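Take a look at the structure set out below.
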Amino acid sequence: MYLIDSKEKIQEEANDYENLAIKNKTKNGYVFFIIFILIINYFTHGFLGEFALSKSEVLVSSIVYFILAIFIYFHHRWAMAIWAFMFIVDKMYMIFFIASLSISSGAFLMQIFFGYIAFALAFNSIRVATSLKRIKKLNETPKNS
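Residue numbering for the sequence shown follows my numbering, beginning at 2 and increasing consecutively.
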């Protein structure tokens, strides 16, 4: 599938993780995507008029997303899964909302596009974090003499 890395690519990233540049780490792309979404949410809710979230709702969601992004940066798989779940549920809500307003199909497709990117980034990041945890566990096991 597009954007879903192969098992070999995930293992290669995990094996060479310490030597990778910041831009080549999957979780950094995930964190960047979350920050990108935060910026989009912050600026677009003012343009949605009566359908927009209130400023306090945008602030609360931004704080939650930012806290999860910090945990994601430190390879917490639960945070990766929770953020992706929350974001995909939001995209599904927006799809139903757009369908009820009979807005153009472009808006509908954008929700699917961003939802898929969130899923792919979360899936790849969880797989890399799992591989890193497995490698760490293997390196910590005491060797029998």
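Heads up, the beta-carbon is just placed ideally off N, CA and C, and yes, glycines get one too. All figures in this text were calculated on a predicted structure; none of them were measured in a lab.
> Tell me which same chain residues have a C-beta within less than 7 Å of the C-beta of LEU108, skipping the five on either side of it?
Replying inline: If you number the sequence shown from 1, residue 108 lands on position 107. Leu is not the amino acid found at residue 108; the sequence shown has Ala there. Closer than 7 Å at Cβ, skipping near neighbours: ILE99.
> Can you round the beta-carbon distance between TYR74 and LYS28 to whole angstroms, since I take them to be within the 8 Å contact cut?
Replying inline: By one-based count along the sequence shown, residue 74 stands at place 73. By one-based count along the sequence shown, residue 28 stands at place 27. Yes, TYR74 and LYS28 are in contact; Cβ-Cβ is about 7 Å, under 8 Å.
> Are there three or more Cβ pairs, one per stretch, closer than 8 Å when the segment 63-71 is compared with the segment 35-47?
Replying inline: yes
> Straight-line CA distance for PHE86 to GLU13?
Replying inline: Locating residue 86 in the sequence shown gives position 85, where the first residue counts as 1. Locating residue 13 in the sequence shown gives position 12, where the first residue counts as 1. Just so you know, the alpha carbons of PHE86 and GLU13 end up roughly 27 Å apart.
> To the nearest angstrom, how far is it from the Cα of LYS26 to the Cα of ILE118?
Replying inline: Locating residue 26 in the sequence shown gives position 25, counting from the first residue. Locating residue 118 in the sequence shown gives position 117, counting from the first residue. Using only the alpha carbons, I get a separation of about 16 Å.
> Looking at C-alpha atoms only, which residue of MET93, ASP6, GLU141 is the closest neighbour of ILE113?
Replying inline: On the sequence shown, position 112 is the one that residue 113 refers to. The candidate whose alpha carbon is nearest that of ILE113 is MET93.
> When DSSP labels each residue in this structure, what does LEU4 get in the three-state scheme?
Replying inline: The residue given as residue 4 occupies position 3 in the sequence shown. LEU4 falls in the coil class under three-state DSSP.
>> Using only CA atoms, which one of GLU141, ASP91, ASN140, LEU60 lies nearest to PHE115?
In response: Numbered from its first residue, the sequence shown carries residue 115 at position 114. For PHE115, the nearest C-alpha among the options comes from ASP91.
> By DSSP, does ILE104 sit in helix, in strand, or in coil?
Replying inline: Against the sequence shown, residue 104 aligns to sequence position 103. Here ILE104 sits in coil by DSSP.
> On the premise that ALA70 lies in contact with ILE23, defined as a C-beta separation below 8 Å, what is that separation, rounded to the nearest angstrom?
Replying inline: In the sequence shown, the residue the question calls residue 23 occupies position 22. In the sequence shown, the residue the question calls residue 70 occupies position 69. The pair is not a contact, with the Cβ atoms about 15 Å apart (cut-off 8 Å).
>> Tell me the DSSP secondary structure of THR45 in three-state form.
In response: Numbered from its first residue, the sequence shown carries residue 45 at position 44. Helix.
>> I need the DSSP call for PHE67, collapsed to helix, strand or coil.
In response: Along the sequence shown, one-based indexing puts residue 67 at 66. Helix, per DSSP.
> Going by other Cβ atoms of all chains shown within 10 Å of its Cβ, with 16 needed for buried, is ILE104 buried or exposed?
Replying inline: In the sequence shown, residue 104 corresponds to position 103, counting from 1. Exposed, because fewer than 16 other Cβ atoms sit within 10 Å of the Cβ of ILE104.
> What is the DSSP secondary structure of THR142, reduced to helix, strand or coil?
Replying inline: Translated into positions along the sequence shown, residue 142 becomes position 141. Three-state DSSP puts THR142 in coil, outside helix and strand.
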